[in-house]
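A.B. asks: Got a structure for you, questions after.
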Amino acid sequence: MEEVIRFAFLGFGIGALYALASQGLIVIYRGSGVLNFAMGAIGMAGVFVQWDLHTNAGWAFLPSAVVGVLFSAAIGAATHLFLMRPLRRSSPLVRVIATLGVLITLQAIAVLRYGSTPRFVLPELPTDIITISGSITITADRLILLGIAAVLTVVLWALYRFTKFGLATSAVAENERAASAIGWSPDRIAVTNWILGSALAAVAAILIAPIVTLQVTVMTNLILAAIAAALVAQFRSFPVALVAGLLIGIAQTELNRYVHQPGFGDSVPFIVIVVVLVVTGQALPLRDYFLQRLPSIGTGRINWGGIAFGVALTAFLLAVLNSQWADSIITTLCVAFILLSIVVVTGYAGQLSLAQFAIGGFGAWVAGRLVDAQGTPFWLALLIGVAATVPLGVLFAVPAVRTRGINLAVVTLGLGTAMELMLFRNPEYTGGIQGTQVGDATLFGWNINSITHSTRYGLFVLALFVICTLIVCNIRRGRSGRRLIAVRTNERAAAALGISVPGAKLYAFGVSAGIAAVGGILLVFRLSSIDYKLFTNFTSITDVGLALLGGIGYLIGPVIGATLTAGGLNQQILTSIFSDSVGKYIDLIGGVSILIIVLLNQNGIAKEWIAQANFVRRKLFANVPFLGPRKPPVRELPEHDVVPVTARTLEVRDLTVKYGTSVAVDSVSLSATPGRITGLIGPNGAGKTTLIDAVTGFTRMAGGTLHLDGQDITRWSATRRARAGIGRSFQSLELFEDSTVLDNLRVASDPRDPASYIKDLVWPVNPRLPGEVISAINEFGLSDDLDRNVEDLSYGKRRLLAIARAVATQPSVLLLDEPAAGLGDAETSELAHLVRRLADDWAMAILLVEHDMNFVMSVCDEIVVLDFGRQIAEGTPDVVRRDQGVIAAYLGEDEAQTAGVGAGGTEEVGP
Numbered sequence: 009m010e011e012v013i014r015f016a017f018l019g020f021g022i023g024a025l026y027a028l029a030s031q032g033l034i035v036i037y038r039g040s041g042v043l044n045f046a047m048g049a050i051g052m053a054g055v056f057v058q059w060d061l062h063t064n065a066g067w068a069f070l071p072s073a074v075v076g077v078l079f080s081a082a083i084g085a086a087t088h089l090f091l092m093r094p095l096r097r098s099s100p101l102v103r104v105i106a107t108l109g110v111l112i113t114l115q116a117i118a119v120l121r122y123g124s125t126p127r128f129v130l131p132e133l134p135t136d137i138i139t140i141s142g143s144i145t146i147t148a149d150r151l152i153l154l155g156i157a158a159v160l161t162v163v164l165w166a167l168y169r170f171t172k173f174g175l176a177t178s179a180v181a182e183n184e185r186a187a188s189a190i191g192w193s194p195d196r197i198a199v200t201n202w203i204l205g206s207a208l209a210a211v212a213a214i215l216i217a218p219i220v221t222l223q224v225t226v227m228t229n230l231i232l233a234a235i236a237a238a239l240v241a242q243f244r245s246f247p248v249a250l251v252a253g254l255l256i257g258i259a260q261t262e263l264n265r266y267v268h269q270p271g272f273g274d275s276v277p278f279i280v281i282v283v284v285l286v287v288t289g290q291a292l293p294l295r296d297y298f299l300q301r302l303p304s305i306g307t308g309r310i311n312w313g314g315i316a317f318g319v320a321l322t323a324f325l326l327a328v329l330n331s332q333w334a335d336s337i338i339t340t341l342c343v344a345f346i347l348l349s350i351v352v353v354t355g356y357a358g359q360l361s362l363a364q365f366a367i368g369g370f371g372a373w374v375a376g377r378l379v380d381a382q383g384t385p386f387w388l389a390l391l392i393g394v395a396a397t398v399p400l401g402v403l404f405a406v407p408a409v410r411t412r413g414i415n416l417a418v419v420t421l422g423l424g425t426a427m428e429l430m431l432f433r434n435p436e437y438t439g440g441i442q443g444t445q446v447g448d449a450t451l452f453g454w455n456i457n458s459i460t461h462s463t464r465y466g467l468f469v470l471a472l473f474v475i476c477t478l479i480v481c482n483i484r485r486g487r488s489g490r491r492l493i494a495v496r497t498n499e500r501a502a503a504a505l506g507i508s509v510p511g512a513k514l515y516a517f518g519v520s521a522g523i524a525a526v527g528g529i530l531l532v533f534r535l536s537s538i539d540y541k542l543f544t545n546f547t548s549i550t551d552v553g554l555a556l557l558g559g560i561g562y563l564i565g566p567v568i569g570a571t572l573t574a575g576g577l578n579q580q581i582l583t584s585i586f587s588d589s590v591g592k593y594i595d596l597i598g599g600v601s602i603l604i605i606v607l608l609n610q611n612g613i614a615k616e617w618i619a620q621a622n623f624v625r626r627k628l629f630a631n632v633p634f635l636g637p638r639k640p641p642v643r644e645l646p647e648h649d650v651v652p653v654t655a656r657t658l659e660v661r662d663l664t665v666k667y668g669t670s671v672a673v674d675s676v677s678l679s680a681t682p683g684r685i686t687g688l689i690g691p692n693g694a695g696k697t698t699l700i701d702a703v704t705g706f707t708r709m710a711g712g713t714l715h716l717d718g719q720d721i722t723r724w725s726a727t728r729r730a731r732a733g734i735g736r737s738f739q740s741l742e743l744f745e746d747s748t749v750l751d752n753l754r755v756a757s758d759p760r761d762p763a764s765y766i767k768d769l770v771w772p773v774n775p776r777l778p779g780e781v782i783s784a785i786n787e788f789g790l791s792d793d794l795d796r797n798v799e800d801l802s803y804g805k806r807r808l809l810a811i812a813r814a815v816a817t818q819p820s821v822l823l824l825d826e827p828a829a830g831l832g833d834a835e836t837s838e839l840a841h842l843v844r845r846l847a848d849d850w851a852m853a854i855l856l857v858e859h860d861m862n863f864v865m866s867v868c869d870e871i872v873v874l875d876f877g878r879q880i881a882e883g884t885p886d887v888v889r890r891d892q893g894v895i896a897a898y899l900g901e902d903e904a905q906t907a908g909v910g911a912g913g914t915e916e917v918g919p
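Per the working numbering, the very first residue in the sequence shown carries number 9; after that it's consecutive.
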């Protein structure tokens, strides 16, 4: 027991430093809404400057430490001013990749300047042995580190709780616009927090160096443990982060002492990350930035001419160049598989995975061990390795069901790193001292060894890459691709259309894992002996940046990005032009390129290439068959008689919604019956949209029941309710901006059979548009806009499309949330006519939320009125418009008295 306590005390030192680093993360997140994955690298830069000044320049420790801390603070300020501030309206995905670009760049610079060799740093704090009780001892430096962490925690807690700066930071975190309106500059507050957070990272790195040695990768990996502690603290509480950091440090030291499984103790932070995010489902309170934009995606059309040219050129180069050049091409293609997998999971599905290279490594591990230990033929080991990796990808996707965005990136990075530590670096699983020996790769008796027969191996890799690219192309053009893109763009809207969001995520991870496994296997089988230590978390991070650089939504993007990988084509070109030493700059070039691309063109190089190619085709080959620009398809939609939907009645009884102790909707009851329009009105904040969210499954009900044709659906998910015939539109439209009008309608009307996920891999078939969808297109006047992107439509057209998309699901019950918001009088009048027809001709049961009283009174058969979540009136429009309680709710008691309705007057609401 005494030994357990002694090791627990030892964990105080490193745990305190985890806490400090996590508090730096919290500071930056609270001030700017950015989860800074470059925090460890920024701290690493400061500690190397401190070490250089102290060891090589002869400075005293304290002045060198001050300069190191200031250096990291300056990097933090520059990161915000020159990178994050220009990206404030970009998507969280792009901002995360930007911090990864900073990490890659700083690490590359450090490796170039200081190398990768670990350095032992002498402790500056006293290391005297202190006896706690009996034989329990601890060195003084551990207690000092604990004291430093505790003092800084109290200072930070007081700073953000009691000072004007802390209050301003909290205000900006809640609402940037409101904070700006009262005179607080969000930009100034953000840069101050970046400076403070980066300085804390440097302090932690300088103090931890004597414990873990001074090494580039060790310092940058500090971020992972810091994220774990910050997650436990929900990126808010400094004291909780201190306790979490200490517990993580203690757990690591105890497990490293008593569990003899390599890497298990170091995996503690990642276990914490997974538990916090998966079990609790806690999502970071991400800021809502105005006009966020995701990187664009391609159409998935197959350019057979371009494919033929690329294949012919690559085959020619493999045949005529020497083995060194051929290996660079093969390496580029192998990494392109990894980047292609990122196109599927991140570009199409919008799920940021930082474990794709590790997942590919798992496939390589399975295939390599089969060949080495079981004598399995290469081709069979390749197939088994891919098949075994797909379930692993699905397993990695399980956290995606409850998390997304940055949260998912953290989980996948943790899982990938844990696999690296416990599997790839464990000799027991990788062949011991001898390693994994696979010999020459053979294909049905044909030697395709990459060294002796580089052309053969290269052609084999090229053929598999073309096949995988066509598979991804098929996904993009099929029903499964539309589902993925819908989930990528807006999970709420996708679920409202009956799309299984978890199913789409699991599919994307499974397919991407299989593709990554092909790349990982082909990469390691280039040689006769496999070193699994090359599958590092840093390479997974780098690959995400390279995928964005090439074009994360385009099929040619992986090839472009992979040329910048270590050992790839660009490195070989630089080496041949200059010297062998130039190749070592490839990581730095990649990192700087990522930073440039996120600032100038987040859509990647591929989109620019495609734009230039289309320009040339228009100018030079306008009238040349097969070479000229593609003409948009001519679509002739037949007339189709409206077919009434299946009649169903929705009954809402005593529905109650609570947010904490506040009651947003209080025991509201209403019915939506076929062929009738029920209006739901009330002042702002009355609970109308909350009621729609509860009915459609997006907000948890605290009480009450829902029945659809007598069947209790209270506990059904949003997706199941949508498939049962409850459709909705959203107040904020929630359209799929990157898709065409037709794709928005198709994704709503596509059959939901899971078999399409398999069929689309080989032969994507788009079903004929149902007659109801054709009727909706004609009814809403969208026939001339089908091939236009949503972002190119006028606001009025977008409003109509939002309703048409909901109608395309053929709902029995349709809930419309402020459909006339922002429309002019003529557009509102036309919309009222359309909504009335949906009830009369389509036999839909419609629940309408709207503030335009002329609209409501002209189309509704019955109206329900809410005020502060309570139902205060119900009846026909004539009854409701004369109700004194309704008039008072809209005008206020005093104004209603003045208007002559407080004592039985006849003032009306509406026309």
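Think of the CB as a built atom: it goes at the ideal place given N, C-alpha and C, for glycine as much as any other residue.
Exposed or buried, which one is His268 when buried takes at least 16 other CB atoms within 10 Å?
C.D. replies: Your numbering for residue 268 matches position 260 in the sequence shown. His268 comes out exposed.
A.B. asks: With DSSP collapsed to three states, give me the class of Val343.
C.D. replies: Taking the first residue of the sequence shown as 1, we reach residue 343 at position 335. Looking at Val343 - three-state DSSP - the assignment turns out to be helix.
A.B. asks: Whose CA, out of Ala502, Ile459, Phe468, Val282, lies closest to the CA of Phe404?
C.D. replies: As a first step, residue 404 must be located in the sequence shown, where it is residue number 396. Measuring from the Cα of Phe404, the nearest candidate turns out to be Val282.
A.B. asks: What separation, rounded to the nearest whole angstrom, lies between the Cα atoms of Asp448 and Leu388?
C.D. replies: On the sequence shown, residue 448 is found 440 positions in, with the first residue counted as 1. On the sequence shown, residue 388 is found 380 positions in, with the first residue counted as 1. In a straight line, the C-alpha of Asp448 is about 14 Å away from that of Leu388.
A.B. asks: Closer than 6 Å by C-beta to Gly599: which residues in its own chain qualify, once you throw out the five before and the five after it? Chain order, please.
C.D. replies: Reading the sequence shown from its first residue, position 591 is the one you call residue 599. Gly109, Ile112, Thr113, Ala116.
A.B. asks: Return the residue from the list Val74, Ile523, Val872, Gly559 that minimises the CA-CA distance to Ile685.
C.D. replies: Taking the sequence shown and counting its residues from 1, the one referred to as residue 685 is at position 677. Of the listed residues, the one whose Cα sits closest to Ile685 is Val872.
A.B. asks: Suppose the cutoff is 7 Å on Cβ atoms and the five residues either side in sequence are ignored; what does the same chain contact list for Ile459 look like?
C.D. replies: Looking up residue 459 in the sequence shown gives position 451. For Ile459, where only same-chain residues beyond five positions count, the Cβ hits under 7 Å are Ser331.
A.B. asks: With burial defined as no fewer than 16 other Cβ atoms inside 10 Å of the residue's Cβ, what is the status of Leu823: buried or exposed?
C.D. replies: For this step, residue 823 is matched to residue 815 along the sequence shown. Classification of Leu823: buried, given that the 10 Å Cβ count is 16 or more.
A.B. asks: Might you give, ordered along the chain, the residues of its own chain that have their beta carbon closer than 6 Å to the beta carbon of Leu531, omitting 5 neighbours on each side?
C.D. replies: Your numbering for residue 531 matches position 523 in the sequence shown. The residues are Cys342.
A.B. asks: Going by DSSP in three states, Ala933 sits in which element: helix, strand or coil?
C.D. replies: Because the chain spans 9 through 919 in this model, residue 933 falls outside it and cannot be assessed.
A.B. asks: Which stretch, first to last residue, makes up the alpha helix (DSSP H) that contains Val781?
C.D. replies: Position 773 of the sequence shown holds residue 781. Its alpha helix (DSSP H) spans residues 779-787.
A.B. asks: Can you check whether the CB of Ala525 is closer than 8 Å to the CB of Gly371?
C.D. replies: Numbered from its first residue, the sequence shown carries residue 371 at position 363. Numbered from its first residue, the sequence shown carries residue 525 at position 517. Yes, the pair counts as a contact, with Cβ atoms nearer than the cut-off.
A.B. asks: Please state the DSSP three-state secondary structure of Ser537.
C.D. replies: Here residue 537 refers to the residue found at position 529 when the sequence shown is read from its first residue. If DSSP states are grouped into helix, strand and coil, Ser537 belongs with the strands.
A.B. asks: On the three-state DSSP scale, how would you describe Thr147?
C.D. replies: Here the question's residue 147 lines up with position 139 in the sequence shown. In the structure shown, Thr147 sits in a strand (DSSP, three-state: E or B).
A.B. asks: Report the option in Asn64, Ala207, Leu120, Gly358 whose CA atom is closest to the CA atom of Ala86.
C.D. replies: As a position in the sequence shown, residue 86 is number 78, starting the count at 1. The shortest Cα separation from Ala86 among Asn64, Ala207, Leu120, Gly358 belongs to Ala207.
A.B. asks: Whole-angstrom Cβ separation of Leu714 and Val673, contact assumed at under 8 Å?
C.D. replies: Here residue 714 is taken as the residue at index 706 of the sequence shown, counted from 1. Here residue 673 is taken as the residue at index 665 of the sequence shown, counted from 1. Between Val673 and Leu714 the Cβ distance is about 13 Å, and since that is not below 8 Å, they are no contact.
A.B. asks: Check Asp98 in the structure and name its three-state DSSP category.
C.D. replies: For the purposes of this step, residue 98 is taken as the residue at position 90 of the sequence shown. According to the sequence displayed, residue 98 carries Ser and not Asp. Ser98 falls in the strand class under three-state DSSP.
A.B. asks: Could you compute how far the alpha carbon of Leu160 sits from the alpha carbon of Ala238?
C.D. replies: Mapped onto the sequence shown, residue 160 falls at position 152. Mapped onto the sequence shown, residue 238 falls at position 230. Taking the straight line from one Cα to the other gives about 15 Å.
A.B. asks: Name, in chain order, the residues that DSSP records as bridge partners for Asn797.
C.D. replies: Translated into positions along the sequence shown, residue 797 becomes position 789. The partner list for Asn797 (beta bridge, DSSP) reads Thr748.
A.B. asks: Closest to Ile843 by C-alpha separation, out of Asp274, Leu808, Gly877, would be which residue?
C.D. replies: Taking the sequence shown and counting its residues from 1, one reaches residue 843 at position 835. Per the sequence shown, the amino acid found at residue 843 is Val instead of Ile. It is Leu808.
A.B. asks: Just verifying my parser: in three-state terms, what is the DSSP assignment at Val42?
C.D. replies: The residue you call residue 42 lines up with position 34 of the sequence shown. Coil, per DSSP.
A.B. asks: I want to know whether the stretch 142-157 touches the stretch 19-37 - three or more CB-CB distances under 8 Å.
C.D. replies: Contact between the stretch 142-157 and the stretch 19-37 is present, because at least three Cβ pairs lie under 8 Å.
A.B. asks: Hey, could you find the ends of the alpha helix (DSSP H) Thr836 is sitting in?
C.D. replies: Counting from one through the sequence shown, the residue named residue 836 turns up at place 828. It spans 833-848 - the alpha helix (DSSP H) in which Thr836 sits, taken as one unbroken run.
A.B. asks: What residue does the beta strand (DSSP E) around Gly943 start on, and which one ends it?
C.D. replies: The structure shown has nothing for residue 943, since the chain only spans 9 to 919.
A.B. asks: Counting Cβ pairs, one atom from each stretch, are 3 or more of them under 8 Å apart for the stretch 510-521 and the stretch 356-369?
C.D. replies: Yes, the stretch 510-521 is in contact with the stretch 356-369.
A.B. asks: Check whether the Cβ atoms of Pro772 and Asn482 sit closer than 8 Å, and answer yes or no.
C.D. replies: Taking the first residue of the sequence shown as position 1, residue 772 is located at position 764. Taking the first residue of the sequence shown as position 1, residue 482 is located at position 474. Their beta carbons are under 8 Å apart, which means Pro772 touches Asn482 by this criterion.
A.B. asks: Considering only C-alpha positions, which residue in the set Gly705, Ala179, Pro134 is nearest to Leu191?
C.D. replies: Position 183 of the sequence shown, counting from 1, holds the residue named residue 191. Before going on, a small fix: residue 191 reads as Gly here, not Leu. It is Ala179.
A.B. asks: Look at the alpha carbon of Val351 and the alpha carbon of Ala814, and state the distance between them as a whole number of angstroms.
C.D. replies: In the sequence shown, the residue the question calls residue 351 occupies position 343. In the sequence shown, the residue the question calls residue 814 occupies position 806. So the alpha carbons of these two residues sit roughly 29 Å apart.
A.B. asks: Looking at Gly368: is its Cβ nearer than 8 Å to the Cβ of Gly527?
C.D. replies: Residue numbering aside, residue 368 sits at position 360 when the sequence shown is read from its first letter. Residue numbering aside, residue 527 sits at position 519 when the sequence shown is read from its first letter. A contact, by the Cβ cut-off of 8 Å.
A.B. asks: Quick one: what does DSSP say Gly205 is sitting in, helix, strand or coil?
C.D. replies: On the sequence shown, position 197 is the one that residue 205 refers to. Helix, per DSSP.
A.B. asks: According to the neighbour-count rule (16 or more other Cβ atoms, all chains shown, within 10 Å of its Cβ), is Ala512 buried or exposed?
C.D. replies: Counted from its first residue, the sequence shown places residue 512 at position 504. Burial call: buried.
A.B. asks: Comparing C-alpha positions only, which one of Met709, Gly561, Leu607, Gly718 sits nearest to Arg484?
C.D. replies: As a working mapping, residue 484 is identified with position 476 in the sequence shown. It is Gly561.
A.B. asks: Determine the burial state of Ile256: buried for a count of at least 16 other Cβ atoms within 10 Å of its Cβ, exposed for fewer.
C.D. replies: Sequence index remark: in the sequence shown, residue 256 carries index 248 (1-based). Answer is buried; the Cβ neighbour count reaches 16.
A.B. asks: How is Ala242 classed by DSSP in three states: helix, strand or coil?
C.D. replies: By one-based count along the sequence shown, residue 242 stands at place 234. Note on identity: in this sequence residue 242 is Gln, with Ala being the wrong assignment. If DSSP states are grouped into helix, strand and coil, Gln242 belongs with coil.
A.B. asks: Excluding the 5 residues preceding and the 5 following Ile568 in the sequence, name in chain order all residues of the same chain whose CB lies nearer than 8 Å to its CB.
C.D. replies: As a working note, residue 568 is residue 560 in the sequence shown. Cβ neighbours of Ile568 beyond the five flanking positions: Leu557, Gly558, Gly559, Gly612, Ile613, Ala614, Trp617.
A.B. asks: Among Val42, Ser30, Asn578, which has the Cα closest to the Cα of Leu91?
C.D. replies: Translated into the one-based positions of the sequence shown, residue 91 becomes position 83. Of Val42, Ser30, Asn578, the residue nearest in Cα terms is Val42.
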